[in-house]
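K.L.:
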Amino acid sequence: MSYWPDYQPLSEPPPEEPAIPESPYSPSPHNRLIFINKTESQKFCSNEISTAKYNLFTFLPKFLFEQFRKYANIFFLFIALMQQIPNVSPTGRYTTAVPLMLILSVSAIKEIIEDIKRHRADGNVNNRLVAVHRNGKWMDVRWKDVLVGDIVKVDDGAYFPADLILLSSSEPQAMCYIETSNLDGETNLKLRQGSPATSSIVTGEKLTELRGMVECEPPNRFLYEFVGNIRIGSNISAKRDAFESKFMKKISLSLAWQHLDAVPLGPDQILLRGACLKNTSWIYGLVIYTGHQSKLMLNSTTTPLKRSNVEKMTNKQILLLFLLLVLLSLVCAVANHIWVLSNEDAHWYLFFHVKWEYGDLVRTNFGYNLLTFIILYNNLIPISLQVTLEMVKFVQAIFINWDQDMYYERTKTHANARTSNLNEELGQIKFLFSDKTGTLTQNIMRFSKCSIAGIIYGNNEESKEKFNDDRVLKNLQSEHETAPIISDFLMLLAVCHTVVPQIDENTGEIHYLASSPDEAALVKAAKEMKHVFTTRTPDYVVVDMLGQPAKYLILNVLEFTSKRKRMSVIVRTPDNRILLLCKGADNVIYERLGSDKTYTEETLSHLEQFASVGLRTLCLAKTEISEEFYKEWSNTFYKASTAIQDREQKLEEVAELIEKDLQLLGATAIEDRLQDGVPETIDILSKADIKIWVLTGDKQETAINIGYSCKLLNHSMDLVIINENSLDTTRDALVRHKAQFGEMLGKENYVGLIIDGQSLKYALTCDCKQDFLDIALSCRAVICCRVSPLQKAELVELVKVSQNAITLAIGDGANDVGMIQAAHVGVGISGEEGLQAACASDYSIAQFRFLQKLLLVHGAWSYSRVCKLILYCFYKNICLYVIQFWFQLSNGYSGQILFERWTLGLYNVIFTAAPPIAMGLFDRFCSAETMMKNPILYKDSQTGNLFNVVTFWVWITNAIFHAIVLFWMTVATLRYDVAFPDGKVGDYLFLGNFVYTYVVITVSFKAGLEIVAWTWLTHLAIWGSIVCWFMFLVVYSHVYELIGFSAEMTGMDRYVLSCSLFWFGLLLIPFTALLRDIVWKVIRREFFKTHRQSVQELEKAHKEIKIESTLRKKLRPISERARLLSRNLMNLGDRIVGGRRTQTSASGDTAHDSLSEVPIHIVSRENIHYDGFAFSQEEHGAVNQAEYIRAYDTRQAKPQGF
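Shown next, in the form of structure tokens:
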């Protein structure tokens, strides 16, 4: 496809031009060419996105494909077609076609309603407005109408509508901050910087005149990769003429652009859709990728058509029932043939039309008979099942939407079941995959506690938003012995950072712009303690200390990296001293302390206290530097910073020269705020035997910290940490750890697995995949950090395929869409700004804690209800239609039906329709409160014991037994003909109405035996079904007199209801059929009582219910398991890190506290404690930290844009 304008040819062709050799600037034919401010000459993907299943054109084929994946629908379509053959159907031509059309119509309406919700959610995104510069003026344009080549303006706090190239911004040197938690889960802000060629374009006039071309790689899904260049000439008008040249098709591209400089573009200049602009007033961006070609959407998959495990199992059983149906039909067709041959002479009047000497006529008659019996027995597979299921599931979804316990008041958001097809799957979840940022956490950092000079501050919990401990300022302003340390501590918080202050022009309030949420929390805490950071210039910062401004010259910044685990700033104080201020992990700070060891033991103890409750810790230290040493070091630092080779290594070595002889000031503890109720929810779900994996794009330290604070990890738990950088080392580590688990491999051990994205990339390869999976399944908790959206989906798919278990994925960002769609059930967090995950999910909730009720209550109830409904629907149909088979034994296998055809047709539609609906909507085995308090009850539905092959065929066998009792006992009762006063005797319909009545009563009472929670609606459904049949019998017996229809039923009510044998059988026969069920129910409750039955009895008696998990009984004793692991893991080395500091005896036994689960300690040779260190800061960004802070002068006004 050509990207050049298709101009009309000239009336006279231009003269031939000499061939121009290819220029080195010529673009690859596969690259994308984008003309700035020339959107009309480019045809690219629309920016409109859709997460819906259907549209106007695809609905019919997709819907029919989805419906006819169900074997039952295929079967009934076949039956409906067969019934159109004349003289074949014993039940009429439309008794299957009409219900099938009704089923498909109800399903279609349900799918349309659910998909409209998705379209509305998509519409909320597509119809957002963004400022676009077109034709020399600004206009508000919907996101869906944004085009490649458009220049857009995005304001602070807004999401990017497409993938953009950053042109300029309100900040110096075209810098801006973006939040990518929606894309990769990282909490720290990332710095992006526009190209120098466009950084000065900050006015509308310059934008109008701007012409140029961007050449970049084709759309791809790699979030962190981008290659391109931009060409902008100095003589804009000349270049504009070149763009509009009618000879452009003829002129070589190299000739058109050979005099324009190509400025490279990379990942530092790209702003991805789904990211959010932060701490930057505005940016101008050039649209390069739109809609489903944006990197965000390329990391998503098409909305899958999911089917529940119960539905798949039902499909398999329908196949078996179909084979049984065909077998019965063959038996009856053959038996008919044999009966005819045997009775041809005795009953010649039945066969006068058949000439048996012609073999083809015999074969034709056999074929017709086979079709007749297939149609006769077709309702062994209940046609009402699908429509009943659709209706019940739809209402179950409404119950979820209406649940006020899952309503989030702050955002006015209800739970939303975006599909009802997977309700029962919610009751079978075995693996839960959760995002961290925005799902478990609020992405809000709060300065919670600190340790200064060996004293803990911040124990006052009254203020949850601000640090609140008056003792800090009281000790500082008094003659307390720690006052100098407190002063230095607060000064360090206010000076040692890369934060930029910004004053609100309206309120005068100071706001802090920070790439690191940790640094923002530290500076805000200093402000709350009257050390206010007010000004940053390229050379110095100003801090208002207790009302007195103090200027600190910034001499050098030694950047934070994950390798260094620290950051230092060298400053000149107002009294002309040179100080090095350092903050970092406790181990790196302690290694660099000088001879003064004051407060070290107390601070270390406090660090462990902070870490034990999941707080993020940093140590703070300082040292004073002499003028002579600094001058010498400064020269060395300059040489290292300008080195061509190994610059980073040399800078680290130079930093080591000055970051020493430190004096410890104290430590900080920052709380990464969890969503409400997260620890309690994770604890409850774990007790329900749900395996929880946290998949996050955040750093390892941060992920571990959250693991502790949300109680996924425990400080008595050991951690297996895998951080490798090659396939070989990853393979070796996995093999080694797998071998070390020994006999405990494959069993749940009290161990946590931590693996980073780099290692995971290799672990998911073919030769490592199984080893990784074996180790992960042997651990109680799994945390995968620094993972990409694709890796999240791959992990879910791996567990989904390899384990016979139902998976659920929950997240809130666009980076979670892949795993949400890959899991059996996807749950999105809604109610905040980002709705990508909610739009792609099957269910959406506003808070992670609502997952508890969604699974333990709605999921378990729905699974139990759906299973009972399916089993009951098969039961009641087989109970009636097997009777047709028994009747064939008495009528020469003629295909004659025992019941009147419309009576037969209304069996599923009216007379037995209500009980399964009541069962599917209102039955519950125990209350919601009991389910929430006793999560072990979830195990019953999780194991799938309520619906499996054995359970299904037990119900089928029971139905056949009932059919035997109901038919043959009735035949025995009417063994002798019944004569009526008018001289008539009972015919086959008389027998049929006896049997039909007993069947309706029996299947209604069977529903009563299976229902646990009786409501007035349940009573109405069961007793109403019976009453409805009697009323129908009375009315239908007089229809012929009114409209001349169904003459054979005339007066049938008088014959049946006046017969004493009918009432005798009414009392005896249904009771006899159900006697086995009653006896078995009593025996099970007395001698094989389950958890659920115990709960039901306790609830009925209004006693306190407390059920202990029986899972522990399956685990080995502590000492035996500890010895096994101790023997296998004695040489584990550094990769297995003890969850807390333990004392290991010579025998290898490890002391530990008793836990709710049996603990298994992996014994290592080194006792490594967990200190809680975590610090979010972008590394190797577009601008290094030192250059970034020197680019700002907060005294200067920022450009306002248009």
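According to full-length UniProt numbering, the sequence shown is numbered sequentially starting from 1.
C-beta: ideal position from N, C-alpha, C; glycine also.
All values derive from a computational prediction rather than experimental measurement.
(1) So the alpha helix (DSSP H) Q1196 belongs to, where does it begin and stop?
(2) Which partner residues does T668 have in the DSSP bridge list?
(3) The alpha helix (DSSP H) spanning Q821 covers which residue range?
(4) Where DSSP assigns a beta bridge to S434, which residues make up the other side?
(5) Counting pairs of Cβ atoms below 8 Å between the stretch 305-317 and the stretch 193-204, do you hit three or more?
(6) What's the call for V801, buried or exposed, on a 16-neighbour Cβ count within 10 Å?
(7) Quick one, which of E653, T696, C710, L989 has its alpha-carbon nearest E671's?
(8) Among C450, A97, F899, G666, which residue has its Cα nearest to the Cα of I79?
(9) Comparing the C-beta of Y708 with each C-beta of chain B, is any distance below 9 Å?
(10) Measure the beta-carbon distance from V1000 to T903 and round it to whole angstroms, keeping in mind my assumption that it falls under 8 Å.
(11) When you compare only the Cα positions, how much space is there between C176 and L33?
(12) Which same chain residues end up closer than 7 Å to T441 when comparing Cβ atoms and leaving out the 5 residues on each side of it in sequence?
(13) Could you check if Q770 is buried or exposed, using at least 16 other CB atoms within 10 Å of its CB as the buried criterion?
(14) Considering R118, what are the terminal residues of the alpha helix (DSSP H) in which it resides?
(15) Tell me the DSSP secondary structure of P517 in three-state form.
(16) If contact is defined by three or more beta carbon pairs under 8 Å, each pair taking one atom from either stretch, is the stretch 506-514 in contact with the stretch 564-572?
(17) Excluding sequence positions up to five away, which residues of its chain have a Cβ less than 7 Å from the Cβ of L102?
(18) Let me know the secondary structure DSSP gives L753 once reduced to three states.
(19) I think residue 1207 touches R221, with their Cβ atoms under 8 Å apart; what is that distance to the nearest whole Å?
(20) So what's S802 in DSSP terms, helix, strand or just coil?
(21) Under the three-state reduction of DSSP, which class applies to E627: helix, strand or coil?
(22) Taking R780 as part of the beta strand (DSSP E), name the residues at either end of that continuous run.
(23) With DSSP run on the structure shown, which of helix, strand or coil describes K316?
(24) Which stretch, first to last residue, makes up the beta strand (DSSP E) that contains S1060?
(25) Which term fits D812, buried or exposed, when burial requires 16 or more other beta carbons within 10 angstroms of its beta carbon?
(26) Pick out whichever of V88, T482, A733 has its Cα sitting closest to the Cα of I374.
(27) Taking buried to mean at least 16 other C-beta atoms within 10 Å of its own C-beta, is I20 buried or exposed?
(28) Buried or exposed: which applies to W955, given that a residue is buried once 16 or more other Cβ atoms fall within 10 Å of its Cβ?
(29) Can you tell me where the alpha helix (DSSP H) with L989 in it begins and where it stops?
(30) Could you check the C-alpha separation between P549 and G123 for me, to the nearest Å?
(31) Could you give the distance in angstroms between the alpha-carbon of D544 and the alpha-carbon of K430?
(32) DSSP state of F57, grouped into three classes?
(33) Between which two residues does the beta strand (DSSP E) containing W138 stretch?
(34) Would you check if there are 3 or more beta carbon pairs closer than 8 Å linking the stretch 109-118 to the stretch 127-135?
(35) With three or more beta-carbon pairs closer than 8 Å as the criterion, would you say the stretch 411-431 touches the stretch 931-944?
(36) Considering only residues of the same chain and omitting the five flanking positions on each side of A688, which have a CB-CB separation below 6 Å?
P.N.:
In brief:
(1) Note, Q1196: premise wrong, no alpha helix (DSSP H); not H, not E.
(2) C450, L618
(3) 817-822
(4) V694, I810
(5) no
(6) exposed
(7) C710
(8) A97
(9) In the structure shown, chain B does not exist; there is a single protein chain.
(10) Not quite, the Cβ-Cβ distance comes to about 10 Å (not below 8 Å), so this is no contact.
(11) 25 Å
(12) D672, R673, L674, Q675, I706
(13) exposed
(14) 97-126
(15) helix
(16) no
(17) V387
(18) strand
(19) There is simply no residue 1207 to check, as the chain begins at 1 and stops at 1202 in what is shown.
(20) helix
(21) helix
(22) 779-785
(23) helix
(24) Here S1060 belongs to no beta strand (DSSP E); instead the alpha helix (DSSP H) covers 1060-1087.
(25) buried
(26) V88
(27) Confidence at I20 is low in this model, with a pLDDT of 38, below 50, so its placement is unreliable and no value can be given for it.
(28) buried
(29) 988-1010
(30) 52 Å
(31) 55 Å
(32) coil
(33) 137-142
(34) no
(35) yes
(36) P935, Y938
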